[in-house]
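Notes follow once the structure below has been shown.
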Amino acid sequence: MSGRVGIIGIGQSAFVSRRDDASYPDLVREAVTLALNDAKMELDGIEAIVYSLSPDAMVGIGNAERLGVDAVGARNKRFLRINTGGATGISSVEAAYYHVASGACDVVMTAGADKVGECGDSQTVLNKIWDPTYERQLPLGTITMLAMSGVRYADKYGMTQADMARVVVKNRMHASKNPNAHLRKQTTIEEVMASRMISWPIKLFDCCPQSSGGAAMVLASERYIKERNLDAVWITGLGHCSETYYLGDRMGTGFTADHADAYALRNAFNRAFKMAGITDSAKQVDVAEIYAPFSNTEFHSIEAAQLAPLGASPAMLREGQFQLGGEGVVVNPSGGTLCTNAIAVTAMVRVAEIALQVWGRAGAHQVKGAKRGIASGNGGDHQFFGTMVVEA
Amino acid sequence: MELLKRQETWNITYTHALGETASWFYVQLRDHGKLYGKRDAKSGRVLVPPRAFSDQTLEPTTDWVEVGPGGRIETFTIVYEEFNGLPPPPYAFGYVKLDHADTAIGGFFRGVDLSNQEVAAEQLKIGTRVMTKVAEKRIGDVLDFWFEPSTD
Amino acid sequence: MTYLVKTGVIGAAIMPHVTGLKQSLEEVLYDVTQRALRDAGLTIEDIDGIVTGGNDQYDGRAISVMAASGSVGGVDRDILSTPSSGEHAFVMGTLRVASGHFKTQLIVAWSPTEASSLAEVQRLAADPYFHRRLPQDEMGAHAMQANVLLAQMPGLMETAQKVSAKNRSNGQSAYPGIAADGEMGSRYPLKAGMASAATTGAVALVLASEDFVAEHKIANVAWISGMGWATDAAFIGDRDLSQSPALVAAAEQAYGAAGITDALASFDVAELADATPFQELLAYEALGLAKRGDWKDSVESGVFSKSGKLPVNLSGGAQSLNPVYCSGLIRIAEVALQVLGRAGAHQLENVRTGLAHAASGDAMMYNTVVVMRRGEQGVSP
Numbered sequence: 000m001s002g003r004v005g006i007i008g009i010g011q012s013a014f015v016s017r018r019d020d021a022s023y024p025d026l027v028r029e030a031v032t033l034a035l036n037d038a039k040m041e042l043d044g045i046e047a048i049v050y051s052l053s054p055d056a057m058v059g060i061g062n063a064e065r066l067g068v069d070a071v072g073a074r075n076k077r078f079l080r081i082n083t084g085g086a087t088g089i090s091s092v093e094a095a096y097y098h099v100a101s102g103a104c105d106v107v108m109t110a111g112a113d114k115v116g117e118c119g120d121s122q123t124v125l126n127k128i129w130d131p132t133y134e135r136q137l138p139l140g141t142i143t144m145l146a147m148s149g150v151r152y153a154d155k156y157g158m159t160q161a162d163m164a165r166v167v168v169k170n171r172m173h174a175s176k177n178p179n180a181h182l183r184k185q186t187t188i189e190e191v192m193a194s195r196m197i198s199w200p201i202k203l204f205d206c207c208p209q210s211s212g213g214a215a216m217v218l219a220s221e222r223y224i225k226e227r228n229l230d231a232v233w234i235t236g237l238g239h240c241s242e243t244y245y246l247g248d249r250m251g252t253g254f255t256a257d258h259a260d261a262y263a264l265r266n267a268f269n270r271a272f273k274m275a276g277i278t279d280s281a282k283q284v285d286v287a288e289i290y291a292p293f294s295n296t297e298f299h300s301i302e303a304a305q306l307a308p309l310g311a312s313p314a315m316l317r318e319g320q321f322q323l324g325g326e327g328v329v330v331n332p333s334g335g336t337l338c339t340n341a342i343a344v345t346a347m348v349r350v351a352e353i354a355l356q357v358w359g360r361a362g363a364h365q366v367k368g369a370k371r372g373i374a375s376g377n378g379g380d381h382q383f384f385g386t387m388v389v390e391a
Numbered sequence: 000m001e002l003l004k005r006q007e008t009w010n011i012t013y014t015h016a017l018g019e020t021a022s023w024f025y026v027q028l029r030d031h032g033k034l035y036g037k038r039d040a041k042s043g044r045v046l047v048p049p050r051a052f053s054d055q056t057l058e059p060t061t062d063w064v065e066v067g068p069g070g071r072i073e074t075f076t077i078v079y080e081e082f083n084g085l086p087p088p089p090y091a092f093g094y095v096k097l098d099h100a101d102t103a104i105g106g107f108f109r110g111v112d113l114s115n116q117e118v119a120a121e122q123l124k125i126g127t128r129v130m131t132k133v134a135e136k137r138i139g140d141v142l143d144f145w146f147e148p149s150t151d
Numbered sequence: 000m001t002y003l004v005k006t007g008v009i010g011a012a013i014m015p016h017v018t019g020l021k022q023s024l025e026e027v028l029y030d031v032t033q034r035a036l037r038d039a040g041l042t043i044e045d046i047d048g049i050v051t052g053g054n055d056q057y058d059g060r061a062i063s064v065m066a067a068s069g070s071v072g073g074v075d076r077d078i079l080s081t082p083s084s085g086e087h088a089f090v091m092g093t094l095r096v097a098s099g100h101f102k103t104q105l106i107v108a109w110s111p112t113e114a115s116s117l118a119e120v121q122r123l124a125a126d127p128y129f130h131r132r133l134p135q136d137e138m139g140a141h142a143m144q145a146n147v148l149l150a151q152m153p154g155l156m157e158t159a160q161k162v163s164a165k166n167r168s169n170g171q172s173a174y175p176g177i178a179a180d181g182e183m184g185s186r187y188p189l190k191a192g193m194a195s196a197a198t199t200g201a202v203a204l205v206l207a208s209e210d211f212v213a214e215h216k217i218a219n220v221a222w223i224s225g226m227g228w229a230t231d232a233a234f235i236g237d238r239d240l241s242q243s244p245a246l247v248a249a250a251e252q253a254y255g256a257a258g259i260t261d262a263l264a265s266f267d268v269a270e271l272a273d274a275t276p277f278q279e280l281l282a283y284e285a286l287g288l289a290k291r292g293d294w295k296d297s298v299e300s301g302v303f304s305k306s307g308k309l310p311v312n313l314s315g316g317a318q319s320l321n322p323v324y325c326s327g328l329i330r331i332a333e334v335a336l337q338v339l340g341r342a343g344a345h346q347l348e349n350v351r352t353g354l355a356h357a358a359s360g361d362a363m364m365y366n367t368v369v370v371m372r373r374g375e376q377g378v379s380p
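From first to last, the protein sequence lines are chains W, Z and B. Residue numbering for the first sequence follows numbering that gives the first Met the number 0, beginning at 0 and increasing consecutively. Residue numbering for the second sequence follows numbering that gives the first Met the number 0, beginning at 0 and increasing consecutively. Residue numbering for the third sequence follows numbering that gives the first Met the number 0, beginning at 0 and increasing consecutively.
Written out as structure tokens, the structure is:
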């Protein structure tokens, strides 16, 4: 067997709405430079690049990974791009992992960036993710799609809009401690509840922002890390799983995945947990960075990670769990996707953040003594789910 | 320094083949105002909208089953924000499991006053019975029909 | 091979020319997947991971993989997509099996022609900062590459026409009735018959690990004994279009792993990227099959013809059938089927080793090289 796969370098931008000072490839390069500096290495040492980029239309450049080739120093090197929608970032880390785990490479970088703020209207682009036969004619977007998940979740388990607001308050408090987060202003339940209704039951403050910025990570084989006596944290579990494309197939009768929950995310976590030897995640995990672009979706994702029984996470949050300084597993200490969403890399940032946490390098939002973290990413129309376990 | 911007619009038109299954469904809707599902013989479930194969069993679907016009709301949302290229708000849409179907189909909800959010959401809550209405002029499209809360 | 787990192709299906309105894109993907599974003698239950390659702008769908999850069997499975190119899905799938985390992978790529203009679709890949306002599509870049070569090598046009004639003739044998003949010159200096109009197509392959092959007593496997992939620069102006350093790099990776030193003597059959005959010629050199000084003689003496030392593009290549976005993966599938002995009308006898080269993007930007060897169960290649 080849050895483990470690993370030896991490770079991420300070995410903001617009970066008029930097072109799209400039933003990628910014993250690459940060990650290489962190790994204390040069581009020459990188054997392969996995390019992390979700819909082309979001950056307005077809096959925009081509424009990124020089930004990641990939000329005449192994290079490919991954896209699983919102899960792209974690799928890219997974793809980089297989580059190393297969024995093909010793050192691989994954990198990308997004400028969601430059897209005229991301919800218009995102409507085009649905099939043109039956679902695209409807005014579907990611907000409405997940609002309809929230309606089902509320009906099934009794979640209230105040419960949703509590997620926002927690994550904004976390983001206020994270210099790279986009929305860093703290808020209150009253303020969230008073923000305007976008798509019932999701209000403005329940939504993630449109962020610009980049992220990059360097992965290496255990042999490479040991030979050079490098500092690293380790990917000990990973797994992906998918659901049906059709929202209407996640309801009705005889369905397997309920649109209220995150059925395939649970399966993806189970794959990662099995590989990492985790049997009780609520007890064995210290920190979680779980992809949740809208407040309501953090609940079913926490439950898919089995940090709470189905339907129980709103009550546990009410009791003060999941937050820095609180009881149990801290969820999204970075502020999460709810406070920063540069779509192409947002799920990579989830992995990067738990890596920093178990490394003890997370700064003001460090979870004390964190040794084992879990991350996830969701993509498509709540369709593709990626998960990862990272340990010190 | 002076920083420049450039506006670019993508303008490609796509002519998508709908295939035999969706074509038959839309022709029935257009010409007769009726909705049909297709049965996955392996699981016995009636897929609405009809698919040529089930993505659960990966078997081809077999017989056509007329569904509706009654149904129950499986989920909904009411949009109060304007998005480029999408209808002017407010509007309500969601998914309905039509009678004799096993999966839900998306459509607009009409006949509900959306001005009071709480009241409107209560009128569209999951489990609410609805009736399918079809437009007088139909083109063979999902927008040829919509749902209204029924009193039966 | 340095990979952890030996990986092979056990089945494939190619639909190079789908016409009419009977099937939606998803139905085509379902169809090609089911065909590949049947070819491998498996059902979807045997598949534990999937990698797809599609292009959002070709498909007119903002995340192309979404249509390919349910239709190819992605529900409850681990699915990734590599929108950089169809052949990258093969690379990713191979790495996944080779890592020991998966016993099988299904690889699917497709290329519809439902857009109002494929040239316009490709132009969207030009950066908005410097090049978008130019009428630059991929065939335009391929034509500029041809011009650079022609300027350096007087008389090359004649050799290129012979390469095209070879591929077109092969295409007529391999896919009679659907392979292109005549038409499509459209970009100077390309002449009629040097490129073919885009078709709608799809291709699927099934990969399996050595353990899976042994467990299921699969007798016939095209083992992947070498694989390489590399990219050139994106800006045409940054490149010497008369050279393909990325293909040289990809070949070094693949040949290194497979222990190939004399390429021309090592393969029974090859499928090379040939969006134009000039690309096939460039590939001869970068892959160590014929230096440019030998192109004329090699082509004229029939080294790469049907009955030559190394038949190249027995399928007719992309010059005969070109579903653009999956033409690269089709090259790999054609070689796999040749090695498996199931290539159909154009099957060559006694194929034991094959070489596949796939290219995508402007003027062969992305290059992927795969070396496959036939192997019986329990026998090392």
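Virtual Cβ for every residue (Gly too), placed ideally from N, Cα, C.
Report task. Pull up the CB-CB distance for Tyr290 of chain W and Ser68 of chain B, whole angstroms please, since I reckon it's below 8 Å. Result -> Taking the first residue of the first sequence as 1, we reach residue 290 of chain W at position 291. Taking the first residue of the third sequence as 1, we reach residue 68 of chain B at position 69. In fact, because the Cβ distance is near 18 Å, the residues do not count as touching under 8 Å.
**Report entry** Same chain only: Cβ atoms within 6 Å of Met138 of chain B, ignoring 5 sequence neighbours per side
**Finding:** In the third sequence, counting from the first residue as 1, residue 138 of chain B sits at position 139. Closer than 6 Å at Cβ, skipping near neighbours: Arg186.
Report task. Report yes or no: is there a C-beta of chain Z within less than 8 Å of the C-beta of Ala196 of chain B? Result -> On the third sequence, position 197 is the one that residue 196 of chain B refers to. No, because no Cβ of chain Z sits closer than 8 Å to the Cβ of Ala196 of chain B.
Query raised in the report: So Arg34 of chain B is in the beta strand (DSSP E); what residue range does that whole segment cover?
Result: One-based indexing of the third sequence puts residue 34 of chain B at position 35. Arg34 of chain B -> not in any beta strand (DSSP E); alpha helix (DSSP H) instead, spanning 24-39.
Requested in this report: Step through the CB atoms of chain B and report whether any lies within less than 8 Å of the CB of Lys127 of chain W.
Outcome: For this step, residue 127 of chain W is matched to residue 128 along the first sequence. Answer yes: the Cβ-Cβ gap between Lys127 of chain W and chain B drops below 8 Å somewhere.
Requested in this report: Could you name the residues that DSSP lists as bridge partners for Asn321 of chain B?
Outcome: As a position in the third sequence, residue 321 of chain B is number 322, starting the count at 1. When beta bridges are read from the DSSP output, Asn321 of chain B appears opposite B:Ala197.
Query - Spatial neighbours of Ile329 of chain B in its chain, beta-carbon cut-off 6 Å, leaving aside the 5 residues before and after - result: Along the third sequence, read from residue 1 onward, the residue named residue 329 of chain B stands at position 330. Here the set comprises Ile13, Val202.
Query raised in the report: Helix, strand or coil: how does DSSP classify His98 of chain W here?
Result: Within the first sequence, the letter at position 99 stands for residue 98 of chain W. His98 of chain W: helix per DSSP, three-state reduction.
Query raised in the report: Could you give the C-beta distance for Gly60 of chain Z and Ala51 of chain Z, rounded to a whole number, given that I count them as a contact under 8 Å?
Result: Translated into positions along the second sequence, residue 60 of chain Z becomes position 61. Translated into positions along the second sequence, residue 51 of chain Z becomes position 52. Reading the sequence as shown, one finds Thr at residue 60 of chain Z and not Gly. About 6 Å; that satisfies the 8 Å criterion.
Query - For Phe144 of chain Z, the nearest candidate out of Z:Glu121, Z:Arg109, Z:Ile125, Z:Leu123 (CA to CA) - result: Locating residue 144 of chain Z in the second sequence gives position 145, where the first residue counts as 1. It is Z:Arg109.
Query - Under 8 Å between C-beta atoms of Gly139 of chain Z and Leu28 of chain Z - result: Within the second sequence, numbered from 1, the residue matching residue 139 of chain Z stands at position 140. Within the second sequence, numbered from 1, the residue matching residue 28 of chain Z stands at position 29. Yes, they are a contact pair.
Query raised in the report: Is DSSP giving Met143 of chain B helix, strand or coil here?
Result: Position 144 of the third sequence holds residue 143 of chain B. Assigned with DSSP and collapsed to three states, Met143 of chain B falls in helix.
Query raised in the report: What alpha helix (DSSP H) runs, 4 residues minimum, are completely inside the region 142-186 of chain B?
Result: 155-173
Query raised in the report: So, is the C-beta of His15 of chain Z closer than 8 Å to a C-beta in chain B?
Result: On the second sequence, residue 15 of chain Z is found 16 positions in, with the first residue counted as 1. Chain B, which has a Cβ nearer than 8 Å to the Cβ of His15 of chain Z, makes this yes.
Query raised in the report: Quick one: Cα of Glu409 of chain W to Cα of Val162 of chain B, how far?
Result: Because chain W spans 0 through 391 in this model, residue 409 of chain W falls outside it and cannot be assessed.
**Report entry** Those residues which DSSP pairs with Phe282 of chain W across a bridge
**Finding:** Here residue 282 of chain W is taken as the residue at index 283 of the first sequence, counted from 1. Note that residue 282 of chain W is Lys in the sequence shown here, rather than Phe. Answer is none; Lys282 of chain W lacks a bridge partner.
Report task. Tell me, to the nearest whole angstrom, how far the beta carbon of Gly85 of chain B is from that of Ile49 of chain B; I am working on the premise that it is less than 8 Å. Result -> In the third sequence, the residue the question calls residue 85 of chain B occupies position 86. In the third sequence, the residue the question calls residue 49 of chain B occupies position 50. Gly85 of chain B to Ile49 of chain B, Cβ: 14 Å. No contact.
Query raised in the report: Relative to the C-alpha of Glu190 of chain W, which residue among W:Glu288, W:Ala287, W:Ala161 is closest?
Result: Within the first sequence, residue 190 of chain W is the residue found at index 191, counting from 1. If we check each option's Cα against that of Glu190 of chain W, W:Ala161 comes out closest.
Query - With 16 other Cβ atoms within 10 Å as the buried cut-off, status of Val171 of chain W - result: Position 172 of the first sequence, counting from 1, holds the residue named residue 171 of chain W. According to the sequence shown, residue 171 of chain W is Arg rather than Val. The residue is buried, with at least 16 neighbouring Cβ atoms inside 10 Å.
Query raised in the report: In chain D, what lies closer than 8 Å to Tyr283 of chain B by C-beta?
Result: Among the chains of the structure shown, chain D does not appear; the protein chains present are W, Z and B.
Query - Sufficient close CB pairs (3 or more, under 8 Å) joining the region 133-151 of chain B to the region 354-369 of chain B - result: Look at the beta carbons and you see the region 133-151 of chain B touching the region 354-369 of chain B: at least three pairs across the two are nearer than 8 Å.
Query raised in the report: Got a sec: which bits of the region 144-155 of chain W sit with their beta carbon under 8 Å from any beta carbon on chain Z, in order along the chain?
Result: Residues of the region 144-155 of chain W with a C-beta atom less than 8 Å from some C-beta of chain Z are Ala146, Met147, Ser148, Val150, Arg151, Asp154, listed in chain order.
Query - Cross-chain neighbours of Arg222 of chain W in chain B, by beta carbon under 9 Å - result: As a working note, residue 222 of chain W is residue 223 in the first sequence. In chain order: nothing, as chain B lies at least about 12 Å away.
Query raised in the report: How long is the line joining the alpha carbons of Thr103 of chain B and Ser101 of chain W, rounded to whole angstroms?
Result: Walking along the third sequence from the start, residue 103 of chain B turns up at place 104. Walking along the first sequence from the start, residue 101 of chain W turns up at place 102. Roughly 14 Å between the two C-alpha positions.
Query raised in the report: Is any beta-carbon of chain B found at less than 8 Å from that of Ile104 of chain Z?
Result: Along the second sequence, one-based indexing puts residue 104 of chain Z at 105. Output row for Ile104 of chain Z: interface = no.
Query raised in the report: For chain W, is any of its Cβ atoms less than 8 Å away from the one on Ala21 of chain Z?
Result: Against the second sequence, residue 21 of chain Z aligns to sequence position 22. Ala21 of chain Z counts as touching chain W.
**Report entry** For Pro89 of chain Z and Tyr79 of chain Z, believed in contact at Cβ under 8 Å, the rounded distance
**Finding:** Here residue 79 of chain Z refers to the residue found at position 80 of the second sequence. Here residue 89 of chain Z refers to the residue found at position 90 of the second sequence. Rounded, the Cβ-Cβ distance is 5 Å, consistent with contact.
Query - Beta carbon of Ala219 of chain W nearer than 8 Å to that of Asp105 of chain W - result: As a position in the first sequence, residue 219 of chain W is number 220, starting the count at 1. As a position in the first sequence, residue 105 of chain W is number 106, starting the count at 1. Yes, Cβ-Cβ distance for Ala219 of chain W and Asp105 of chain W is below 8 Å.
Query - Option nearest Thr76 of chain Z by Cα separation, candidates Z:Glu121, Z:Lys96, Z:Pro48 - result: The count along the second sequence starts at 1 and reaches residue 76 of chain Z at position 77. Nearest option by C-alpha distance: Z:Glu121.
Query raised in the report: Are Ala88 of chain B and Ala66 of chain B close, meaning C-beta to C-beta below 8 Å?
Result: Counting from 1 along the third sequence, the entry for residue 88 of chain B is found at position 89. Counting from 1 along the third sequence, the entry for residue 66 of chain B is found at position 67. No, they are not a contact pair.
Query raised in the report: Alpha carbon to alpha carbon, how far is Gln322 of chain W from Asp257 of chain W?
Result: Within the first sequence, numbered from 1, the residue matching residue 322 of chain W stands at position 323. Within the first sequence, numbered from 1, the residue matching residue 257 of chain W stands at position 258. Near 27 Å, if we compare the C-alpha coordinates of Asp257 of chain W and Gln322 of chain W.
Query - Those residues which DSSP pairs with Gln11 of chain W across a bridge - result: Taking the first residue of the first sequence as 1, we reach residue 11 of chain W at position 12. The secondary-structure analysis by DSSP pairs Gln11 of chain W across a beta bridge with W:Ala214.
Requested in this report: Determine, using beta carbons only, whether Asn312 of chain B and Leu271 of chain B come nearer to each other than 8 Å.
Outcome: As a position in the third sequence, residue 312 of chain B is number 313, starting the count at 1. As a position in the third sequence, residue 271 of chain B is number 272, starting the count at 1. Closer than 8 Å, so yes.
Query raised in the report: Does the region 8-16 of chain W come close enough to the region 214-233 of chain W to have 3 or more Cβ pairs within less than 8 Å?
Result: yes
Requested in this report: Check whether the region 342-361 of chain B touches the region 313-323 of chain B, taking contact to mean three or more Cβ pairs, one atom from each stretch, closer than 8 Å.
Outcome: yes
Requested in this report: Please work out which residues of its chain come closer than 7 Å, Cβ to Cβ, to Asp136 of chain B, disregarding the five sequence neighbours upstream and downstream, and give them in chain order.
Outcome: To locate residue 136 of chain B, count along the third sequence from 1; it is residue 137. For Asp136 of chain B, same chain residues with a beta-carbon under 7 Å away, outside a window of 5 residues either side, are Ala118, Gln121, Arg122 in chain order.
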